[in-house]
Amino acid sequence: MKFKDYYKILGVDETADLKEIKKAYRKLALKFHPDTSSAPGTEEKFKEIAEAYEVLKDETRRAEYDDLKRYGANSGGGFDAPPGWHSSAGGNRHQEHGDFSDFFNSFFADRARSSERTQEYGPDLFKGQDLEMELPVFLEEAIDGSSKSIDYHVPVYANNQIKQVKKSLKVKIPLGVSDGERIRLKGQGAPGSEDRLNGDLYLIIRLVPHPLFDVQGINLILSLPLTPWEAALGTKLEIPTLNGKVKMNIPANSRSGQKLRIKGKGLKNKTGQGDLLAVIKIDIPPSTNSETTRLWNELAEAEKYNPRADWS
Amino acid sequence: MADVTLYIDIEELCENESIDEEIIIEVVEYGIAVPHRGETLAEWIFDLENAYWIKKAVKLNQQLLLDWVAISMVIDLMKDKEKLVQENDQLRSRLNRLIE
Numbered sequence: 002m003k004f005k006d007y008y009k010i011l012g013v014d015e016t017a018d019l020k021e022i023k024k025a026y027r028k029l030a031l032k033f034h035p036d037t038s039s040a041p042g043t044e045e046k047f048k049e050i051a052e053a054y055e056v057l058k059d060e061t062r063r064a065e066y067d068d069l070k071r072y073g074a075n076s077g078g079g080f081d082a083p084p085g086w087h088s089s090a091g092g093n094r095h096q097e098h099g100d101f102s103d104f105f106n107s108f109f110a111d112r113a114r115s116s117e118r119t120q121e122y123g124p125d126l127f128k129g130q131d132l133e134m135e136l137p138v139f140l141e142e143a144i145d146g147s148s149k150s151i152d153y154h155v156p157v158y159a160n161n162q163i164k165q166v167k168k169s170l171k172v173k174i175p176l177g178v179s180d181g182e183r184i185r186l187k188g189q190g191a192p193g194s195e196d197r198l199n200g201d202l203y204l205i206i207r208l209v210p211h212p213l214f215d216v217q218g219i220n221l222i223l224s225l226p227l228t229p230w231e232a233a234l235g236t237k238l239e240i241p242t243l244n245g246k247v248k249m250n251i252p253a254n255s256r257s258g259q260k261l262r263i264k265g266k267g268l269k270n271k272t273g274q275g276d277l278l279a280v281i282k283i284d285i286p287p288s289t290n291s292e293t294t295r296l297w298n299e300l301a302e303a304e305k306y307n308p309r310a311d312w313s
Numbered sequence: 085m086a087d088v089t090l091y092i093d094i095e096e097l098c099e100n101e102s103i104d105e106e107i108i109i110e111v112v113e114y115g116i117a118v119p120h121r122g123e124t125l126a127e128w129i130f131d132l133e134n135a136y137w138i139k140k141a142v143k144l145n146q147q148l149l150l151d152w153v154a155i156s157m158v159i160d161l162m163k164d165k166e167k168l169v170q171e172n173d174q175l176r177s178r179l180n181r182l183i184e
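Chain order of the listed sequences is F and C.
For the record, in the first sequence the residue sitting at position 277 is 278 according to the numbering used here, with numbers rising by one throughout.
For the record, in the second sequence the residue sitting at position 48 is 132 according to the numbering used here, with numbers rising by one throughout.
Written as C-alpha cells, this is what we have:
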C-alpha cells in the first residue's frame, strides 16, 4: 500500500491549524471540483484533496495519521500498518469508502463512517450506492412508451473486495420523455449491506439524433427541400412523421425558411402534444442541361424580382 | 419489468440521501429546487430533476464549503450552461441539415 502524504496534498505545513487546513482545502476544492473544472484528471485530484481534508479536519483522526506518518518515515518502500495498530474507531468494516484510496480505507474508513452519520459522504451507510447511466432512446420509442432492455454493472462488496456484477433489466420508457430527463429505478442500484436498502438506478435519457427530425422542446423540425418550381407553384407531398406519412399541401409562393405546421405530430410530454414543423429549403438541381438553362434565362427575363433590393 | 418512478417524496429524499429536512427547506427557499407538488412540508414531492439539484446543492455545500447564496448562484449557472449546451447541439444539428 502507498502512504499518502495528506499535508503535501493540501500544501500545508504539519503544524498548520484547522483554519489553515480548511483554507487550503477550500482553495484546492474550488480549483479541482468536477463541477467547477472540466480539465482532465480533476475528479481524481479532487478525491485526493477531499480524502486529505477528511482526515486532517478531525482532531483524533489527524493525531492517528500523524502517528502513522512518523512510523512511515522509518519504513522503506511500501507502507504497512505498525504491528498491532488499529483505528480507535475499531469495529467491523461494512463497506469500502468507494471514492477514497486503499490507504484511507485501511486506516480511517470506520472512523469516517461513524462521524458521517450526521451528513457528509453518508448515504452509503444507510443504503447501497445509487448508480447513474445514460440510456439512448430513439424518438419513435419516446412517443410510444416502448420497453427497452438494459445491461449494467453493479458494484457488490463481498469478501473484502468490490466486484462488478452484471445485471439486466427491462424498462418501460415513460411516454414523452425528453433529452436529459432522469428516470429512477428504485432499488436497482448497488445492494445495501446487511439489512440496508439497495441503491437506486438513475437513467438519464439521451434522445438519439434522428436522420430526419430535430427536436425543439416537444416540437419536431423537418427540413423540407423543395424545387424552385414546387415552391412557386405549390404542390402536394407526402411528409414523413414518426408514425407514418401524412399528405400535405404546399402552398404556391412558399419561401425558403417558411415553416409549415403539422398539428399533433411532434413529441408528447406531461403538458401536451407537440407539432411537426416542416421548414422549407429551396433546392436547385445539381446539374442543368441546355434546355433547362434556356428556361432559367427565360424566367430571368420575365421576372424582375430582386431579393437584394434593400441592400442599397 | 423494473418499476420506473419520476418523483420522490421528501421523506424518501431525506432518508436515501441522508439530508436533513431543514436543508431541503433552505434549498427550496433559495430557489435552487422547487417541489413538484405538496402544500405542506410533509407532502412535498420533487421530480427527479429537482431532486438531482438538491443532491448537487448539498454536495457543493459539503465539498466546497460554500454558503447557500453562492450555491444558488452556482446552480443557476450550471442550469443555464446545461440548457445552452443542449440548445447549441440542437442548433448545430439544424444548421448542418440546412447547409448539407
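Where a beta carbon is used, it is the ideal one built from N, C-alpha and C, also for glycine.
Given this structure, state the Cα-to-Cα distance separating residue i from residue j, to the nearest angstrom.
i: Asp68/F; j: Ser107/F; result: 15 Å
i: Asp173/C; j: Lys167/C; result: 10 Å
i: Val1/F; j: Asp87/C; result: What the structure shows of chain F is the stretch from 2 to 313, and residue 1/F is not part of that stretch, so it cannot be assessed.
i: Leu125/C; j: Lys237/F; result: 57 Å
i: Glu15/F; j: Glu21/F; result: 11 Å
i: Leu243/F; j: Val112/C; result: 39 Å
i: Asn134/C; j: Leu234/F; result: 51 Å
i: Ala301/F; j: Leu261/F; result: 28 Å
i: Leu29/F; j: Leu19/F; result: 15 Å
i: Gln96/F; j: Ile116/C; result: Because the pLDDT at Gln96/F is just 38, under 50, the model does not fix this residue reliably, and the value given afterwards should be weighed accordingly. Near 32 Å, if we compare the C-alpha coordinates of Ile116/C and Gln96/F.
i: Trp230/F; j: Asn307/F; result: 17 Å
i: Lys143/C; j: Asn220/F; result: 35 Å
i: Val153/C; j: Arg309/F; result: 52 Å
i: Glu101/C; j: Lys139/C; result: 8 Å
i: Gly273/F; j: Arg121/C; result: 19 Å
i: Arg178/C; j: Lys48/F; result: 40 Å
i: Leu161/C; j: Glu141/F; result: 32 Å
i: Arg71/F; j: Thr89/C; result: 52 Å
i: Asn290/F; j: Gln259/F; result: 29 Å
i: Leu225/F; j: Ile163/F; result: 54 Å
i: Gly265/F; j: Asp276/F; result: 5 Å
i: Lys167/F; j: Gly200/F; result: 15 Å
i: Glu121/F; j: Pro212/F; result: Note that Glu121/F scores a pLDDT of 43, beneath 50, so its modelled location is shaky; the value from the coordinates is reported in the next line. Looking at the two C-alpha atoms, the distance is approximately 46 Å.
i: Tyr114/C; j: Pro286/F; result: 58 Å
Need the endpoints of the alpha helix (DSSP H) that residue i sits in, please.
i: Asp164/C; result: 152 to 183
i: Asn298/F; result: 291 to 303
i: Asn134/C; result: 132 to 147
i: Thr43/F; result: 43 to 57
i: Asp152/F; result: Not the alpha helix (DSSP H): Asp152/F falls in the beta strand (DSSP E), residues 148 to 159.
i: Glu142/F; result: 140 to 145
i: Ile10/F; result: 7 to 11
i: Asn106/F; result: 103 to 108
Compute the beta-carbon to beta-carbon distance between residue i and residue j, rounded to the nearest angstrom, for a pair I have assumed lies under 8 Å.
i: Ser38/F; j: Lys32/F; result: 7 Å
i: Leu202/F; j: Leu132/F; result: 5 Å
i: Phe80/F; j: Lys3/F; result: 6 Å
i: Ile281/F; j: Ser257/F; result: 6 Å
i: Ile251/F; j: Leu227/F; result: 7 Å
i: Ile159/C; j: Ala141/C; result: 6 Å
Between which two residues does the beta strand (DSSP E) carrying residue i extend?
i: Leu225/F; result: 220 to 227
i: Phe214/F; result: 214 to 217
i: Ser169/F; result: 162 to 173
i: Ile116/C; result: Counting along the chain, Ile116/C falls outside any beta strand (DSSP E), and DSSP gives it neither H nor E.
i: Arg183/F; result: 183 to 186
i: Tyr203/F; result: 202 to 208
i: Ile22/F; result: That residue, Ile22/F, is in no beta strand (DSSP E); its alpha helix (DSSP H) goes 19 to 33.
i: Asp93/C; result: 91 to 93
i: Arg262/F; result: 260 to 263
i: Met85/C; result: Run containing Met85/C: none; DSSP gives neither H nor E here.
i: Asn250/F; result: 245 to 251
i: Ala40/F; result: It is not in any beta strand (DSSP E) - Ala40/F carries neither H nor E in the DSSP assignment.
i: Thr242/F; result: 236 to 242
i: Ile283/F; result: 277 to 283
Would you mind sorting residue i into buried or exposed? The rule is 16 or more other CB atoms within 10 Å of its CB.
i: Gly42/F; result: exposed
i: Tyr158/F; result: buried
i: Asp164/C; result: exposed
i: Ala279/F; result: buried
i: Gln147/C; result: buried
i: Gln130/F; result: buried
i: Glu127/C; result: exposed
i: Val247/F; result: exposed
i: Ala303/F; result: exposed
i: Lys305/F; result: exposed
i: Asn160/F; result: exposed
i: Ser169/F; result: exposed
i: Asn145/C; result: buried
i: Asp60/F; result: In the sequence as presented, Asp is not what sits at residue 60/F; that position holds Glu. So Glu60/F ends up on the exposed side.
i: Glu182/F; result: buried
Count the C-beta pairs between the stretch 169 to 179 of chain F and the stretch 149 to 160 of chain F that are closer than 8 Å, then say yes if the count reaches three, no if not. Between the stretch 169 to 179 of chain F and the stretch 149 to 160 of chain F there are three or more C-beta pairs closer than 8 Å, enough to call the two in contact.
With a cut-off of 8 Å, do at least 3 Cβ pairs link the stretch 264 to 273 of chain F to the stretch 95 to 112 of chain C? A contact is defined here as three or more CB-CB pairs under 8 Å, and the stretch 264 to 273 of chain F fails this definition with respect to the stretch 95 to 112 of chain C.
Three or more C-beta pairs closer than 8 Å, one from the stretch 101 to 108 of chain C and one from the stretch 198 to 216 of chain F: is that the case here? They do not touch, by the three-pair rule.
Would you check if there are 3 or more beta carbon pairs closer than 8 Å linking the stretch 53 to 70 of chain F to the stretch 5 to 12 of chain F? yes
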